[in-house]
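Right, one structure below, let's go through it.
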Ligand code: NAD
Ligand code: UDP
Ligand code: UDP
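Quick look at the structure:
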C-alpha cells in the first residue's frame, strides 16, 4: 500500500470486505476499547444486535467479564485482554474508544487517556477506520458558563486531584483533532455527562451507584458537602443511542451527550429514597477538592445535527438499575475487575 508512504509494520493497509449484515447494509467490524465496562458493554450489545462484528479490547482495570459473558460463543464477538497503552494491530472499520479509568478512585493510576488514545488514533490512521472518542463533561471543569455549550472552553485546575482525568481527556480531544487535521482520520468526539444504569461499577464512588448500593444495604446515603451541588443524570441506553448516532453521522463534534434534567445531590437522594426504600436516610460527609458546583448540558447541537435527545428521565431510569444492583450485592460481587 503506497498511500501512507510508510512500509513499516504499522504501515497503512486494507483488508477484505465482510459479508452483508442484512439487506442494504454491509456488516462492520468494530473495536470497542473499554467494552467490558459499564457503558462499553451496553454499546457492544447494541452493535452485536444490529448485526456487526465487535472486538472488545479491555484490560479489566474496572471492567468485568460478567458484563459480556452472554456474548461468549457468539461468532461475531471477540474479547481481547489488552492494555491500550501498548500498541495493537487490528483491521477494523470503526473504533469506539472508551477505555479509561473513569472514576475518581481509579483515574489517577493510568496514562490511558494520552497513550491509549494515541495508539487507537494510530490504528485508525493505518487502517482508515472512523474513530470516536468518549470525552467528558469534566473538560468544562468547574464551569463558569451554565448550562454548558460545546463552545465553552472550560475552567479546569491543571494541578488539582481531578486534573489527570480532566486534562487527560482534554489532551485526548486535542490528539483526536490533530489526527483529524494532520492525518485525515475521520473522527467523532462525544462529551458525556453523568450516566447511570445497570452494570455500573458498585465500588467506584460515583454518586448514583453509591446511593443505590447504600440504600439496598440499609446504609445511609453519603451526601458530600451541603448536597446543593448539581448534576444531570442520563440513562445508559440514551447515551448508547447518542454514541451510535454520532459515529454514523456526518459531524465531528464535539457533542454534549447528557440529560438536561438537573438535580442537587439532596434531590437525587430523595428520588433514590422514593424509588427503593422510603425509610432510607442520609449522612453528610466532607466534599472532595475542586468538586464542580453545577453541571447541566446544553444539548441543542446534538438535537439539531444528530437528531438525538434523551428519552428516559431519572425517575424512569433509576428503577431499571435496582434489580441488577440488588443481585450483585446479594452475590457479594463488589464490581471489581477479574
Ligand atoms: P468503566 O470504568 O465502566 O469502563 C471503562 C473500561 O475501560 C473498563 O472496562 C476498564 O477495564 C477499561 N480500561 C481502563 N483502562 C484501560 C486500558 N489502559 N486498556 C484497556 N482497557 C482499559 O467506565 P464507563 O462509565 O463505562 O466509561 C466509559 C467511557 O465513558 C470512559 O471513557 C469515560 O471517561 C466516559 N465517560 C463516562 C461517564 C459516566 O458517567 N459513566 C461520564 C463521562 C465520560
Ligand atoms: N499504533 C497501533 N496500532 C496500529 C498503528 C499504530 O497501536 O495499527 C500505535 C503506534 O505504535 C504508535 C501510535 O499508534 O505508538 C501512533 O501511531 P502513528 O503511526 O500515528 O505514529 P508514529 O508511529 O508514526 O509515531
Ligand atoms: N457525591 C456525593 N456522595 C457520594 C458520591 C458523590 O454527594 O457518595 C457527590 C460529589 O461530591 C459530586 C457529585 O456527587 O458533587 C457527583 O459525583 P460523581 O463522582 O458521581 O461524578 P462527577 O463529580 O464526576 O460529576
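Residue numbers (UniProt numbering): 93 to 430. A virtual CB, placed ideally from N, CA and C, is assigned to each residue, including glycine.
Check, Outcome
"By Cβ distance, which residues of its chain are closer than 7 Å to residue 381, with the 5 residues on each side in sequence left out?", "252, 253"
"Label residue 338 either buried or exposed according to how many other C-beta atoms from any shown protein chain fall within 10 Å of its C-beta, with 16 as the threshold for buried.", "buried"
"Give me, in chain order, the residues of the same chain whose beta-carbon lies closer than 6 Å to that of residue 107; leave out the 5 immediate sequence neighbours on both sides.", "Bear in mind that the predicted position of residue 107 carries a pLDDT of just 49, short of 50, making it too unreliable to give a figure here."
"Roughly how many angstroms lie between the CA atoms of residue 222 and residue 278, to the nearest whole one?", "5 Å"
"So if I measure from each beta-carbon to every heavy atom of ligand 2 and keep distances below 6 Å, which residues remain?", "102, 179, 180, 181, 210, 211, 214, 215, 217, 218"
"What is the DSSP secondary structure of residue 333, counted as helix, strand or coil?", "helix"
"Which of helix, strand or coil does DSSP assign to residue 373?", "coil"
"Would you call residue 406 buried or exposed, if buried means 16 or more other Cβ atoms sit within 10 Å of its Cβ?", "buried"
"Answer with buried or exposed for residue 376, where buried requires no fewer than 16 other C-beta atoms within 10 angstroms of its C-beta.", "exposed"
"What do you get for residue 235, buried or exposed, if any count of 16 or more other CB atoms within 10 angstroms of its CB means buried?", "buried"
"Quick check: the Cα distance between residue 238 and residue 245, rounded to an integer number of angstroms?", "12 Å"
"State the start and end residues of the unbroken alpha helix (DSSP H) segment that holds residue 264.", "255-275"
"Using a Cβ-based criterion (distance less than 7 Å to any ligand heavy atom), does residue 174 qualify as near ligand 1?", "yes"
"Considering only residues of the same chain and omitting the five flanking positions on each side of residue 362, which have a CB-CB separation below 7 Å?", "none"
"Got a sec: does ligand 3 put a non-hydrogen atom nearer than 7 Å to the Cβ of residue 117?", "no"
"Which of the three DSSP states, helix, strand or coil, is assigned to residue 324?", "strand"
"Which whole-angstrom value describes the C-beta separation of residue 194 and residue 227, a residue pair presumed to lie in contact below a C-beta threshold of 8 Å?", "Actually they are not in contact, since the Cβ atoms of residue 194 and residue 227 sit about 11 Å apart, beyond 8 Å."
"Only counting runs of 3 or more residues, tell me where the beta strand (DSSP E) segments fall wholly within the segment 130-162, in order along the chain.", "145-150"
"Report the rounded CA-to-CA distance for residue 99 versus residue 143, giving the unit in angstroms.", "Note that residue 99 scores a pLDDT of 42, beneath 50, so its modelled location is shaky and nothing firm can be said."
"Going by the CB atoms, is the gap between residue 210 and residue 188 shorter than 8 Å?", "no"
"Cutting at 6 Å between CB atoms, please list the residues of its own chain near residue 412, excluding the five before and the five after it.", "none"
"When you compare each of 334, 284, 374 to residue 304 by their alpha carbons, which one comes out closest?", "374"
"Name, in chain order, the residues that DSSP records as bridge partners for residue 233.", "247"
"Leaving aside the five residues before and after residue 324 along the sequence, list all residues of the same chain whose C-beta is less than 7 Å from its C-beta, in chain order.", "285, 286, 350, 351, 352, 353, 354, 387, 388, 389"
"Compute every distance between the C-beta of residue 229 and the non-hydrogen atoms of ligand 1, then say whether any falls below 7 Å.", "yes"
"Taking all protein chains shown into account, decide if residue 274 is buried (16 or more other Cβ within 10 angstroms of its Cβ) or exposed.", "exposed"
"Looking at the secondary structure, which residues open and close the alpha helix (DSSP H) in which residue 308 lies?", "299-308"
"Below 8 Å between beta carbons: does that hold for residue 150 and residue 291?", "no"
"Could you tell me if the beta carbon of residue 287 falls within a distance shorter than 7 Å of some heavy atom in ligand 5?", "In terms of ligand content, the structure shown lacks ligand 5 and carries ligand 1, ligand 2 and ligand 3 instead."
"Could you tell me which residues DSSP pairs with residue 389 in its beta bridges?", "240"
"Beta-carbon within less than 7 Å of residue 403's beta-carbon, same chain only, minus the 5 sequence neighbours each way: which residues are those?", "330"
"What do you reckon, is the C-beta of residue 191 under 7 Å from a heavy atom of ligand 1?", "yes"
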